[in-house]
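J.: Quick one: the structure is below, questions incoming.
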Ligand SMILES: [Zn+2]
Ligand SMILES: [Zn+2]
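Residue numbers (this note's numbering): 1 to 336.
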């Protein structure tokens, strides 16, 4: 498959529509109504924002979850342009404490407070940067729902109420940096024709799903008789890093990979020296890992035109290729 997507879709979003709950109790979460899965790109610039590109910022909408990754400077305003309400955010993940990945955090926390967002919001960040985190947090009034989740080692991050696993993987940058991956567990898709064949209806369907087996007449039905495995989806977020095993691990089998492509191969030496990837490296890693939708971002201000990134990546990657632009929306591909 060979597809490309470079248009900006700024259609009015429906997802900010979740309301703060009146009777929110300890740990209760509001469930937004829209079940779509998409990436809302809030910014695509590394180091220095440009006229066209805000600092980093990405909201992943995943059913009732809204994961905000690496809110750089200006993220709060970009959210307004993108139509993302503060209460759409359920978790925040920081890869590292360089300014283009975290200077927007105070504004976002202030906004959560101002809008009286009623559900808790987890903030994941490298534990070694706790001091920087505290500085960013403490310049704004405290948001009561804040749940701090420092990440000290690679592995799953225990988060209450999460319908999928969120895993951190160490990357190779100039300071301590973690990439993140969402791994949805496999599910089951019931086959209506098979259910009808065996005469399973109504509450018996739920019982079979819960218990894995059901007695029908003189036969013991199992889930395998009436359903097939529905593979869980994967999303990976890889920011500032040199090529390393962590990139390969995060990218493996990702339905969508959002990855930095700060430089082009002509500037590979800069990439190496400053701990970054080229578009070619990112694309080759995605191809080897079986990625379906590849989103390149975090571009150096030295490139005003990103056609070079597209051409370079296309030499190595034959799936859906997206050169990210601010305020773009990229759907997570439908299940296989
Ligand atoms: Zn950066
Ligand atoms: Zn960095």
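All C-beta atoms, glycine included, are put in the ideal place defined by N, C-alpha and C.
1) Hey, how far is the Cα of residue 121 from the Cα of residue 248?
2) Tell me which same chain residues have a C-beta within less than 6 Å of the C-beta of residue 60, skipping the five on either side of it?
3) With burial defined as no fewer than 16 other Cβ atoms inside 10 Å of the residue's Cβ, what is the status of residue 168: buried or exposed?
4) What number of angstroms, rounded off, separates the C-alpha of residue 341 from the C-alpha of residue 202?
5) Which residues bound the alpha helix (DSSP H) around residue 204?
6) Report, in whole angstroms, the separation of the C-beta atoms of residue 338 and residue 251, which I expect to be a contact under 8 Å.
7) With DSSP as the reference, label residue 192 as helix, strand or coil.
8) Going straight from the alpha carbon of residue 331 to that of residue 37, what length do you get?
9) Would you kindly work out how many angstroms separate the C-alpha atoms of residue 45 and residue 239, rounded to a whole number?
10) Report yes if the C-beta of residue 309 is less than 6 Å from at least one heavy atom of ligand 1; otherwise report no.
11) Within 10 angstroms of the Cβ of residue 233, are there 16 or more other Cβ atoms? Answer buried if so, exposed if not.
12) Between 200, 237, 304 and 290, which has its C-alpha nearest residue 317's C-alpha?
13) Given a cut-off of 7 Å on the beta-carbon distance, is the pair residue 172 and residue 124 in contact?
14) Could you give the uninterrupted runs of the beta strand (DSSP E) lying entirely in the segment 141–174, keeping only those of 3 residues or more?
15) CA-CA distance, residue 310 and residue 272?
16) In whole angstroms, what is the alpha-carbon distance linking residue 71 and residue 99?
17) At which residue ranges does the segment 63–97 contain complete beta strand (DSSP E) runs of 3 or more residues, listed in the order of the chain?
18) What I want to know is whether the C-beta of residue 119 ends up closer than 6 Å to one or more non-hydrogen atoms of ligand 2.
19) Measuring CA to CA, which of 159, 315, 149 and 210 is closest to residue 265?
20) Starting from the N-terminal side, write out each stretch of the alpha helix (DSSP H) that is 4 residues or longer and does not extend beyond the segment 206–264.
21) For the candidate residues 334, 231 and 329, whose alpha-carbon lies nearest to that of residue 78?
22) Output the boundary residues of the beta strand (DSSP E) element that contains residue 130.
23) Among the residues of its own chain, which have a CB less than 6 Å from the CB of residue 47, if the five just before and after it don't count?
24) Leaving out the 5 sequence neighbours to the left and right, which residues in its chain are closer than 6 Å to residue 333 when beta-carbon positions are compared?
25) For residue 143, which residues from the same chain have a beta carbon less than 6 Å from its beta carbon, with the 5 sequence-adjacent residues on both sides left out?
26) Taking the alpha carbon of residue 295 as the point to measure from, which residue in 180, 308, 261 and 74 has its own alpha carbon closest?
27) Could you have a look at residue 106 and say whether DSSP puts it in helix, strand or coil?
28) Exposed or buried, residue 210, counting other C-beta atoms within 10 Å across all chains shown (16 or more means buried)?
29) Round the Cβ separation of residue 301 and residue 50 to the nearest angstrom and send it over; I've been treating them as touching at under 8 Å.
30) Can you tell me whether residue 325 is buried or exposed, with buried defined as 16 or more other CB within 10 angstroms of its CB?
31) Name the DSSP bridge partner or partners of residue 57?
32) Taking 6 Å as the cut-off, is the CB of residue 326 close to at least one heavy atom of ligand 1?
33) Taking Cβ positions only, does residue 96 come closer than 7 Å to chain C?
34) Should residue 182 go down as buried or exposed, given a rule of 16 or more other Cβ atoms within 10 Å for buried?
T.: A quick look at the data gives this:
1) Each residue's Cα considered, the two are about 29 Å apart.
2) Hits under 6 Å: 39 and 67.
3) That one is buried.
4) Outside the modelled stretch of the chain, which goes from 1 to 336, sits residue 341, for which no answer is possible.
5) Residues 203–211.
6) What the structure shows of the chain is the stretch from 1 to 336, and residue 338 is not part of that stretch, so it cannot be assessed.
7) Of the three classes helix, strand and coil, the one that applies to residue 192 here is helix, per DSSP.
8) Straight-line spacing of the CA atoms in residue 331 and residue 37 works out to 6 Å.
9) Going from the Cα of residue 45 to the Cα of residue 239 covers about 12 Å.
10) Residue 309: no, Cβ never under 6 Å from ligand 1.
11) With 16 or more Cβ atoms within 10 Å of its Cβ, residue 233 is classed as buried.
12) Checked all of 200, 237, 304 and 290; the closest Cα to residue 317 is 290.
13) Taking 7 Å as the Cβ cut-off, residue 172 and residue 124 do not qualify as a contacting pair.
14) List check, beta strand (DSSP E) in window: 146–151 and 165–170.
15) So the alpha carbons of these two residues sit roughly 20 Å apart.
16) The alpha-carbon atoms of residue 71 and residue 99 are separated by roughly 9 Å.
17) Within the segment 63–97, the complete beta strand (DSSP E) segments of 3 residues or longer fall at 65–69 and 91–93, listed in chain order.
18) No; taking the cut-off as 6 Å, the Cβ of residue 119 has no heavy atom of ligand 2 nearer than that.
19) Residue 315 is the option with its Cα nearest to residue 265.
20) Counting only runs of 4 or more, we get 223–226 and 245–251.
21) By alpha-carbon distance to residue 78, the top candidate from 334, 231 and 329 is 329.
22) Annotation: residue 130 is outside any beta strand (DSSP E); the continuous alpha helix (DSSP H) that includes it extends over 130–138.
23) Within the same chain, and ignoring the five residues on either side of residue 47 in sequence, the residues whose Cβ sits closer than 6 Å to its Cβ are 100.
24) Cβ neighbours of residue 333 within its own chain (closer than 6 Å, five residues either side excluded): 255, 292 and 293.
25) So the qualifying residues of the chain are 109, 112 and 113.
26) Among 180, 308, 261 and 74, the Cα nearest to that of residue 295 is on 261.
27) Three-state result, residue 106: helix.
28) Result: exposed.
29) Going by Cβ atoms, the distance from residue 301 to residue 50 rounds to 5 Å, so yes, they are a contact pair.
30) Only buried fits residue 325, as 16 or more other CB atoms lie within 10 angstroms of its CB.
31) Residue pairing by DSSP places residue 57 opposite 43 in a beta bridge.
32) With a cut-off of 6 Å, the C-beta of residue 326 is classified as distant from ligand 1, since no heavy atom of the ligand falls inside that distance.
33) The structure shown contains no chain C; it is built from a single protein chain.
34) Around the C-beta of residue 182, 16 or more other C-beta atoms lie within 10 Å, and the residue is accordingly described as buried.
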